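Inspection log for the structure reproduced underneath, given as structure tokens.
Protein chains in written order, with the working numbering: chain A, 1 to 247; chain B, 1001 to 1138.
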């Protein structure tokens, strides 16, 4: 007989209920199955009405973030055997409005993200005939960790500051701003300064650190934020102490 | 169709979970976060305490003695002890944060985070010892 595990899945069908309910499903417990495989099994064999986001199944696309037994997780990277003997409670990501079942509304994050200019900003572009913008391994190391972000929003789900103040620009957006600020090819640090030093920017963070614990890619958004606080403080100090031309 | 659909940012059918009153008890890190937020009340208290002290010193010896008698009240001592603990909480958070904020490179390598945190704690101890010596010497 195949081992099974009980999955308690949060359901929200706005056309028939005003708040989420829990539905239980018994799924096979296989050694190589992640929580996402369990959800796919339910969708394929038990209940085709279950809604959730997923795509790559390999921790790259950042689509399948959900709350598993109270913790924000990529469901493709959370294995069912680690929750033995069960039950496994699957809920939508916290701190986001729920559209349906396990699908959350991510517009807030998508509106905030471009505000930090998460791309290489150049004062002047060199002609393409001059070739690539080269970097040394050290210059790559300076930002590589922050470039691993996959926009999965687990950090927003874990952040109590974002839960209490939805205007907070949030961990991933700040980490991505730092990813470009620390890139030797980028000239956009000044353009990002006003947004990041706004009260809804880095100063909203009080170093709870849950974003870093939740991050499935080792980005360390909490570290990025604290590092930017020092940069922002130094910039403020410079505006007080240095004449305009020397800043 | 002549009318275009109206899209609103706050869709009436999206479910928004309310943050429970006791959310800050769910994790240790949330509790520490809430304590840090609460600490501002005690830090504000200590600012007032210091201002009163400075005022009493400026007003002459009689006022200063009266201030010291008032400050020796058990409830004032109790509040100051709580304030001290909150300030220590801030200091420890700050020193743990320091290696995240300060990323130094020396001889092509990143300086160990524990070295940066350690240097901060050593500096804290030295400064505290100097202050204690200044205050306690007779």
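All C-beta atoms in this analysis are idealised placements derived from N, C-alpha and C, irrespective of residue type, glycine included.
All values reported here derive from a predicted model rather than from experimental measurement.
**Item:** Identity of the residue in B:1036, B:1049, B:1064 nearest residue 1056 of chain B by Cα
**Value:** Taking the first residue of the second chain as position 1, residue 1056 of chain B is located at position 56. Among B:1036, B:1049, B:1064, the Cα nearest to that of residue 1056 of chain B belongs to B:1064.
**Prompt:** Is it a yes or a no for the region 44-60 of chain A touching the region 137-148 of chain A, going by three-plus beta-carbon pairs under 8 Å?
**Reply:** Using a C-beta cut-off of 8 Å, the region 44-60 of chain A makes no contact with the region 137-148 of chain A, since fewer than three inter-stretch Cβ pairs fall below that distance.
**Request:** Report the neighbours of residue 207 of chain A on chain B: residues whose CB is nearer than 7 Å to its CB, in chain order.
**Result:** Reading the first chain from its first residue, position 207 is the one you call residue 207 of chain A. Contacts between residue 207 of chain A and chain B, judged by CB atoms closer than 7 Å, involve 1093, 1097 in chain order.
**Message:** Using CA atoms only, rank isn't needed, just tell me which of A:126, A:37, A:175 is closest to residue 142 of chain A.
**Reply:** Counted from its first residue, the first chain places residue 142 of chain A at position 142. Residue A:175 is the option with its Cα nearest to residue 142 of chain A.
**Item:** Nearest candidate by alpha-carbon position, reference residue 76 of chain A, set A:86, A:89, A:61
**Value:** Locating residue 76 of chain A in the first chain gives position 76, where the first residue counts as 1. Comparing alpha-carbon positions, the option among A:86, A:89, A:61 lying closest to residue 76 of chain A turns out to be A:61.
**Asked** Can you tell which of B:1062, B:1099, B:1089 has its C-alpha closest to the C-alpha of residue 1038 of chain B?
**Response** The count along the second chain starts at 1 and reaches residue 1038 of chain B at position 38. Nearest of B:1062, B:1099, B:1089 to residue 1038 of chain B, Cα basis: B:1089.
**Item:** CB contact flag (residue 23 of chain A, residue 13 of chain A, <7 Å)
**Value:** Counted from its first residue, the first chain places residue 23 of chain A at position 23. Counted from its first residue, the first chain places residue 13 of chain A at position 13. Not closer than 7 Å, so no.
**Message:** Spatial neighbours of residue 1132 of chain B within its chain, please: C-beta separation below 7 Å, excluding the five flanking residues on both sides.
**Reply:** Walking along the second chain from the start, residue 1132 of chain B turns up at place 132. Nothing meets the Cβ criterion.
**Request:** Say whether the region 1021-1035 of chain B touches the region 157-170 of chain A, bearing in mind that this needs 3 or more beta-carbon pairs closer than 8 Å, one atom from each stretch.
**Result:** In short, these stretches touch, since the Cβ pair count reaches three.
**Prompt:** Do you know offhand how far residue 1001 of chain B's Cα is from residue 228 of chain A's?
**Reply:** Locating residue 1001 of chain B in the second chain gives position 1, where the first residue counts as 1. Locating residue 228 of chain A in the first chain gives position 228, where the first residue counts as 1. Confidence in residue 1001 of chain B is poor, its pLDDT being 48 and thus under 50, which makes the residue's placement unreliable; the coordinate value appears in the next sentence. For residue 1001 of chain B and residue 228 of chain A, the distance between alpha carbons rounds to 50 Å.
**Message:** Can you tell me whether residue 227 of chain A is helix, strand or coil according to DSSP?
**Reply:** Taking the first chain and counting its residues from 1, one reaches residue 227 of chain A at position 227. For residue 227 of chain A, the three-state secondary structure derived from DSSP is helix.
**Request:** Could you tell me the distance, in whole angstroms, from the CA atom of residue 31 of chain A to the CA atom of residue 1047 of chain B?
**Result:** Position 31 of the first chain holds residue 31 of chain A. Position 47 of the second chain holds residue 1047 of chain B. Residue 31 of chain A and residue 1047 of chain B: Cα-Cα distance of roughly 59 Å.
**Request:** Taking a Cβ distance cut-off of 8 Å, strictly less, list which residues of the region 79-110 of chain A are near chain B, in chain order.
**Result:** Residues of the region 79-110 of chain A whose Cβ lies closer than 8 Å to any Cβ of chain B, in chain order: 94, 97, 98, 99, 105, 107.
**Request:** Tell me where the beta strand (DSSP E) around residue 6 of chain A begins and ends.
**Result:** Position 6 of the first chain holds residue 6 of chain A. Residues 4-11.
**Item:** Nearest neighbour of residue 39 of chain A, chosen from A:72, A:70, A:17, A:79 [CA to CA]
**Value:** The residue you call residue 39 of chain A lines up with position 39 of the first chain. Selected option, being the one with the closest Cα: A:79.
**Message:** Judging by CA-CA distance, which residue of A:97, A:203, A:170 is the nearest neighbour of residue 116 of chain A?
**Reply:** Taking the first chain and counting its residues from 1, one reaches residue 116 of chain A at position 116. The candidate whose alpha carbon is nearest that of residue 116 of chain A is A:170.
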